[in-house]
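Residue numbers in the sequence shown follow the working numbering, run continuously in steps of one, and reach 918 at the last position. All C-beta atoms, glycine included, are put in the ideal place defined by N, C-alpha and C. Read through the structure below, which is laid out as structure tokens, and then see the notes.
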Amino acid sequence: MLLRSCTSCGEETTYSTHKREGAHVEFQIVCLTCGHELVWASAPKIGRNYSINNFISAAILFAGGNATKCLRMLSSINIAVPTYRTFTTHQRKYLHGLKQKELYSEVLLEGKVDIAGDGRCDSPGHSALYGITTLMELKNHRVISSKLVKSTEVSSSNAMELEGLKRCREELALHQIKVSSLTTDRHTGVTKYVRQQWPEIKHYFDTWHISKGLKKRLAEKTRTAKYRAIAPWIKSICNHLYWCVWSSEEESDREEKWRLLLSHITNDHTKCNHETKPSTKAWIVQGSPCERILSEMLLSSRLINDIKRAGKQNTSELEAFHAKINHYAPKMTGYTYQGMSSRYQLAVMYHNENVNRPYRVSKAGEAMYSISRSKHSKLQPIATKLRVPPTYNILFTKFSLF
Numbered sequence: 517m518l519l520r521s522c523t524s525c526g527e528e529t530t531y532s533t534h535k536r537e538g539a540h541v542e543f544q545i546v547c548l549t550c551g552h553e554l555v556w557a558s559a560p561k562i563g564r565n566y567s568i569n570n571f572i573s574a575a576i577l578f579a580g581g582n583a584t585k586c587l588r589m590l591s592s593i594n595i596a597v598p599t600y601r602t603f604t605t606h607q608r609k610y611l612h613g614l615k616q617k618e619l620y621s622e623v624l625l626e627g628k629v630d631i632a633g634d635g636r637c638d639s640p641g642h643s644a645l646y647g648i649t650t651l652m653e654l655k656n657h658r659v660i661s662s663k664l665v666k667s668t669e670v671s672s673s674n675a676m677e678l679e680g681l682k683r684c685r686e687e688l689a690l691h692q693i694k695v696s697s698l699t700t701d702r703h704t705g706v707t708k709y710v711r712q713q714w715p716e717i718k719h720y721f722d723t724w725h726i727s728k729g730l731k732k733r734l735a736e737k738t739r740t741a742k743y744r745a746i747a748p749w750i751k752s753i754c755n756h757l758y759w760c761v762w763s764s765e766e767e768s769d770r771e772e773k774w775r776l777l778l779s780h781i782t783n784d785h786t787k788c789n790h791e792t793k794p795s796t797k798a799w800i801v802q803g804s805p806c807e808r809i810l811s812e813m814l815l816s817s818r819l820i821n822d823i824k825r826a827g828k829q830n831t832s833e834l835e836a837f838h839a840k841i842n843h844y845a846p847k848m849t850g851y852t853y854q855g856m857s858s859r860y861q862l863a864v865m866y867h868n869e870n871v872n873r874p875y876r877v878s879k880a881g882e883a884m885y886s887i888s889r890s891k892h893s894k895l896q897p898i899a900t901k902l903r904v905p906p907t908y909n910i911l912f913t914k915f916s917l918f
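Now the structure itself:
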């Protein structure tokens with residue numbers, strides 16, 4: 517109806533497509549009565565580009581979408597869209613180089629900070645092209661530094677995490693951020709670097725990574741028939757590891773509590789502090805192959821030393837951040853260096869905006885929960901507090917670039 521009436525006299529008009537560029541379209545309107553001519557455009561022009569095409573390119577990137585799939589989906593229902601080449605041009609000219617809001621002034625007010633660090637590669641296996649190292653302060657769980665490293669910049673893909681940590685440390689030093697402690701996984705290169713080049717801070721190992729590695733090794737052993745009696749005890753062993761770390765202040769106390777575990781599993785409770793009660797799991801027989809392999813694995817000097825250095829800080833938000841990265845930069849999709857950097861920064865912006873969202877409450881003022889089940893134990897439900905829906909305010913403000 518908009519194009520069928522003359523804006524001058526209101527009589528019937530005729531119109532035809534005058535120009536089409538991506539999602540933008542222009543119509544030439546001619547009045548059949550007064551001869552008035554008008555060119556109607558679907559979107560304004562900004563510089564040399566039409567805003568609608570810029571907005572589509574920005575929306576795909578900011579939402580963490582795959583450009584090929586998004587453009588194909590819209591084209592399949594006859595919606596005009598810019599080409600993939602136009603999308604990459606907009607990325608290169610206008611979208612790459614986005615940066616998160618700097619938090620250094622806020623972090624400085626907190627004095628010395630406890631941070632957690634971890635690396636993530638862009639693809640599974642040992643032939644990754646890109647790796648990102650992230651540092652997160654553990655008080656408010658905000659990402660304060662993240663550095664992208666290309667494997668060609670270092671000796672191998674395994675060295676990317678250490679190089680990223682070095683660059684993150686330089687950035688913190690540049691902004692005068694003082695670090696009290698660093699919690700990481702047991703990466704040998706990182707451990708050596710912190711010991712030799714960063715001796716003024718306390719270096720802890722992430723308890724979750726220690727437990728994860730131990731659980732994996734125990735599960736591999738239970739695939740053999742003679743070690744299957746260990747399987748029911750794996751969860752209890754991991755729980756005991758957490759208890760040793762969280763209930764002890766001194767390293768010697770942790771070691772003592774950990775060594776008692778093997779006696780308990782073999783039904784020797786002479787040194788246990790708990791009351792004697794029947795177990796729902798079958799005890800491991802002393803002198804059996806299961807007892808010998810458990811003794812070899814649980815009492816190894818490396819594992820005991822790792823437990824002594826395990827930290828009490830909660831690093832679950834750092835793992836949750838890696839899940840957010842998977843949304844913006846899936847491991848099965850390849851990107852250029854600039855494209856990968858931009859998507860990592862978008863993940864950082866989204867995380868820092870939503871990490872401390874309040875919890876949802878019902879109309880009666882009671883906390884709301886969701887019930888889920890563990891991937892490994894279908895019989896054990898887990899209650900999790902629900903947070904309010906996430907927001908995308910920081911990403912939406914980036915549209916002001918256009």
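Item	Value
Are the Cβ atoms of Val-659 and His-867 separated by less than 8 Å?	yes
Which same chain residues end up closer than 8 Å to Pro-748 when comparing Cβ atoms and leaving out the 5 residues on each side of it in sequence?	Lys-797, Ala-798
Output the distance between the C-alpha atoms of Cys-788 and Glu-812, rounded to the nearest integer angstrom.	21 Å
What first and last residue would you give for the alpha helix (DSSP H) that runs through Gln-712?	704-713
If we call anything under 8 Å between Cβ atoms a contact, is Arg-775 one with Ile-823?	no
Out of curiosity, what's the CA-to-CA distance linking Asn-582 and Thr-530?	39 Å
Expressed to the nearest angstrom, what Euclidean distance is found between the alpha-carbon atoms of Ala-840 and Gln-607?	It should be pointed out that residue 840 corresponds to Lys in this sequence rather than to Ala. C-alpha separation (whole angstroms): 21 Å.
Would you kindly work out how many angstroms separate the C-alpha atoms of Thr-650 and Glu-833, rounded to a whole number?	12 Å
Suppose you measure from the CA of Glu-677 to the CA of Tyr-860; what does that come to, to the nearest Å?	15 Å
Under three-state DSSP, which class holds Met-652?	strand
From Ala-863 to Ile-750, what does the alpha carbon distance come to, in whole angstroms?	35 Å
Who are the near neighbours of Pro-874 in its chain, counting only those whose CB is closer than 6 Å to its CB and skipping five residues on each side?	Val-904
Indicate whether Leu-730 and Cys-760 have their beta-carbon atoms separated by less than 8 Å.	no
What separation, rounded to the nearest whole angstrom, lies between the Cα atoms of Gly-647 and Ala-559?	40 Å
Output the residue ranges of the beta strand (DSSP E) runs that lie fully inside the stretch 770-820 and measure 3 residues or longer, sorted by chain position.	none
Among the candidates Glu-835, Lys-628, Ser-752, whose CA atom is the shortest distance from the CA of Leu-698?	Lys-628
Is Ser-697 helix, strand or coil when you go by DSSP?	strand
What would DSSP say about Tyr-897, mapped onto helix, strand or coil?	What sits at residue 897 in the sequence shown is Pro, not Tyr. In the structure shown, Pro-897 sits in a strand (DSSP, three-state: E or B).
Just how far apart, CA to CA, sit Ser-816 and Ile-809?	11 Å
Using only the alpha-carbon positions, how far apart do Leu-590 and Ser-672 sit?	41 Å
Give me the residue from Val-541, Ile-568, Ala-574, Cys-525 with the minimum Cα distance to His-552.	Cys-525
If you drop the 5 nearest sequence neighbours on each side, which residues of the same chain put their C-beta closer than 7 Å to that of Ala-575?	none
Starting from Ile-887, trace the beta strand (DSSP E) in both directions and tell me its first and last residue.	885-889
Given a threshold of 16 other Cβ atoms within 10 Å of its Cβ, counted over all protein chains shown, does Ile-595 qualify as buried or as exposed?	exposed
Leaving aside the five residues before and after His-719 along the sequence, list all residues of the same chain whose C-beta is less than 6 Å from its C-beta, in chain order.	Leu-698, Val-710
Hey, Leu-577 and Ser-857: beta-carbon distance below 8 Å or not?	no
Can you tell me whether His-703 is buried or exposed, with buried defined as 16 or more other CB within 10 angstroms of its CB?	buried
So is Trp-762 buried or exposed if we call it buried at 16+ other beta carbons inside 10 Å?	exposed
Helix, strand or coil for Gly-635 per DSSP?	strand
For Tyr-853, I'd like the list of residues in its chain whose CB is within less than 8 Å of its CB, leaving aside the five on either flank, ordered along the chain.	Tyr-646, Leu-664, Lys-666
Report the option in Arg-744, Arg-536, Asn-830, Gln-896 whose CA atom is closest to the CA atom of His-725.	Asn-830
State the beta-bridge partners of Asn-565 as determined by DSSP.	Ile-562
Quick one: residues in its chain with C-beta nearer than 7 Å to the C-beta of Val-706, no 5 flanking neighbours on either side, listed in chain order?	Glu-677, Leu-678, Leu-681, Thr-700
Going by alpha carbons, who is nearest to Ile-572 out of Phe-603, Tyr-908, Glu-766?	Phe-603
Less than 8 Å between the beta carbons of Leu-777 and His-756, yes or no?	yes
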